[in-house]
Amino acid sequence: MIRGMARDEAWVTEVQVCPSILAADFGAFRAQVGELLDAGARTFHVDVMDGHFVPVITFGHDVVAAIADDVHERGGALAVHMMVQEPERFAADYAKAGTDSFTIHIESTQHIHRALQIVEETGMVPGVTLNPGTPVALVAEAARYARNLLCMSVNPGWGGQAFIPASLERIAQLRALAGPGVGVEIDGGVAADTIVGTYEAGANRLTAGSAIYRQPDPGQAYLDLVEQVRSAGATIG
Ligand code: DX5
Ligand code: ZN
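Under this note's numbering, the first residue of the sequence shown carries the number 2, and numbering increases by one thereafter.
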């Protein structure tokens with residue numbers, strides 16, 4: 002297994018448009034990831050759901066393992082978003098499968114400090130996230146121990162939902178909590194009409210599912226989003 006970019010963590014703070022494979026064809030992950038690698042995407046967002054923390058079940062670490070070499074060989078990274086109860090139980094499996102960053106919900110464990118420590122010990126970049134109804138202040142302490150702060154701009158569980166406008170304020174609050182070397186990610190409803198606002202509010206990892214994979218030409222949809230962010234003054238990593 003090639004653990005590509007985990008050694009150099011600059012990727013966490015680069016401005017990147019990150020395709021979320023939740024919106025991809027589940028029967029063709031490798032091909033659909035390959036298509037986006039060809040278009041220039043490097044960080045892929047992987048949504049793991051357990052049917053408890055959210056009502057939906059998606060997939061587990063074997064899916065990460067199935068795409069990890071392709072992504073790492075091209076200098077890319079795999080950013081796992083755990084929508085799972087007590088996600089720390091699975092950290093070692095995901096690290097072994099080739100995960101580069103492992104982001105967990107503050108609402109999903111009683112012991113967020115210990116959970117982030119467990120993630121750190123595996124060598125993955127630890128991340129913390131929160132549901133749209135959870136005050137940002139609740140992650141202020143955990144943010145000390147995380148290097149990715151993910152702002153959910155929809156309720157976790159489904160792709161294709163509308164961006165919640167208050168998320169822009171929340172991105173700015175998370176950016177204020179982020180020290181040097183810490184990334185701020187936005188996830189949910191990121192599309193042509195919302196992406197620039199999320200970048201301007203302070204997000205650098207701009208995750209988009211439907212706006213890429215549910216378009217007639219996903220590679221071109223990715224490039225169009227990148228171009229929008231570039232026009233707003235960003236250097237894309
Ligand atoms: C939702 C997931 C998101 C999802 C976003 O629970 O966390 O990552 O893929 O999908 P879109 O971009 O379609 O809102
Ligand atoms: Zn996600």
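Note that CB positions come from ideal geometry on N, CA and C, so glycine has one too.
Proximity to alanine 80 [Cα-Cα], best of Glu108, Phe103, Leu178: Numbered from its first residue, the sequence shown carries residue 80 at position 79. Checked all of Glu108, Phe103, Leu178; the closest Cα to alanine 80 is Phe103.
Of the residues Ile107, Val140, Val47, the one placed nearest alanine 98, counting alpha carbons only: Sequence index remark: in the sequence shown, residue 98 carries index 97 (1-based). When only C-alpha atoms are compared, the closest one is Val47.
At least three beta-carbon pairs within less than 8 Å, the region 65-84 to the region 40-56: The region 65-84 and the region 40-56 touch, with no fewer than 3 CB-CB distances between them shorter than 8 Å.
7 Å CB neighbourhood of glycine 220 in its chain, flanking five on each side removed: Position 219 of the sequence shown, counted from the first residue, corresponds to residue 220. Hits under 7 Å: Glu36, Leu37, Asp39, Ala40.
Check whether alanine 25 and tyrosine 200 have beta carbons under 7 Å apart: Translated into positions along the sequence shown, residue 25 becomes position 24. Translated into positions along the sequence shown, residue 200 becomes position 199. For alanine 25 and tyrosine 200, no; Cβs fall outside 7 Å.
Histidine 73 beta carbon near the ligand ZN (any heavy atom closer than 6 Å): Taking the sequence shown and counting its residues from 1, the one referred to as residue 73 is at position 72. Taking 6 Å as the cut-off, the C-beta of histidine 73 does not count as close to any heavy atom of the ligand ZN.
Among Leu207, Gln17, Gly182, nearest to alanine 192 - alpha-carbon criterion: On the sequence shown, residue 192 is found 191 positions in, with the first residue counted as 1. The shortest Cα separation from alanine 192 among Leu207, Gln17, Gly182 belongs to Leu207.
C-alpha gap between phenylalanine 60 and proline 157, whole angstroms: Counting from one through the sequence shown, the residue named residue 60 turns up at place 59. Counting from one through the sequence shown, the residue named residue 157 turns up at place 156. Cα to Cα, the separation comes out at about 15 Å.
For asparagine 149, the residue or residues it bridges with in DSSP: Start at 1 with the first residue of the sequence shown, and residue 149 comes out as number 148. According to DSSP, which records beta bridges pairwise, asparagine 149 is partnered with Gly128, Gly184.
Proximity below 7 Å, CB of methionine 84 to CB of valine 65: Along the sequence shown, one-based indexing puts residue 84 at 83. Along the sequence shown, one-based indexing puts residue 65 at 64. Annotated as distal: methionine 84 and valine 65, with beta-carbon spacing of 7 Å or more.
Contact test: proline 20 Cβ vs the ligand DX5 heavy atom, cutoff 6 Å: Working through the sequence shown from its first residue, we reach residue 20 at position 19. The ligand DX5 never approaches proline 20 closely enough for any of its heavy atoms to be under 6 Å from the residue's Cβ.
Glycine 182 at chain D interface by Cβ criterion, 7 Å: Annotation note: the requested chain D is absent from the structure, which comprises a single protein chain.
Simplified DSSP state of alanine 209, which is helix, strand or coil: On the sequence shown, position 208 is the one that residue 209 refers to. For alanine 209, the three-state secondary structure derived from DSSP is strand.
Limits of the alpha helix (DSSP H) - the one that aspartate 225 falls within: In the sequence shown, counting from the first residue as 1, residue 225 sits at position 224. Per DSSP, aspartate 225 belongs to the alpha helix (DSSP H) from 219-232.
Neighbourhood of isoleucine 3 by C-beta, 8 Å cutoff - its chain only, sequence neighbours within 5 removed: By one-based count along the sequence shown, residue 3 stands at place 2. Low confidence applies to isoleucine 3: its pLDDT is 44, below 50, so where it sits in the model is not reliable enough to give any reading.
With 16 other Cβ atoms within 10 Å as the buried cut-off, status of arginine 90: Indexing the sequence shown from 1 puts residue 90 at position 89. Arginine 90 should be labelled exposed.
DSSP-derived helix/strand/coil call for histidine 112: Counting from one through the sequence shown, the residue named residue 112 turns up at place 111. If DSSP states are grouped into helix, strand and coil, histidine 112 belongs with coil.
Close Cβ partners of valine 140 (< 6 Å) along its chain, the five nearest in sequence each way excluded: Locating residue 140 in the sequence shown gives position 139, counting from the first residue. Excluding sequence neighbours, valine 140 sits near Ile107, Val129, Leu131.
Histidine 82: CB within 6 Å of a non-hydrogen atom of the ligand ZN: Translated into the one-based positions of the sequence shown, residue 82 becomes position 81. Yes, the beta carbon of histidine 82 sits closer than 6 Å to at least one heavy atom of the ligand ZN.
7 Å Cβ cutoff met for isoleucine 187 and alanine 209: By 1-based counting over the sequence shown, the position of residue 187 is 186. By 1-based counting over the sequence shown, the position of residue 209 is 208. One thing to note: isoleucine 187 has its Cβ no nearer than 7 Å to the Cβ of alanine 209.
Cβ-based neighbour list, glutamine 162, same chain, cut-off 8 Å, excluding 5 preceding and 5 following: For the purposes of this step, residue 162 is identified with residue 161 of the sequence shown, where counting begins at 1. Excluding positions up to five away in sequence, the list reads Val155, Asn156, Gly189, Gly190.
Cβ shell of valine 57 (< 6 Å), same chain only, five flanking positions each side left out: Taking the sequence shown and counting its residues from 1, the one referred to as residue 57 is at position 56. Excluding residues up to 5 positions away in sequence, Met50, Gly158 lie with their Cβ nearer than 6 Å to the Cβ of valine 57 in the same chain.
Same chain, Cβ closer than 6 Å to alanine 173, neighbours up to 5 away in sequence not counted: Counting from 1 along the sequence shown, the entry for residue 173 is found at position 172. Sequence-distant partners of alanine 173 (beyond 5 residues in either direction) whose C-beta falls short of 6 Å from its own C-beta, in its chain, are Ala202, Gly203.
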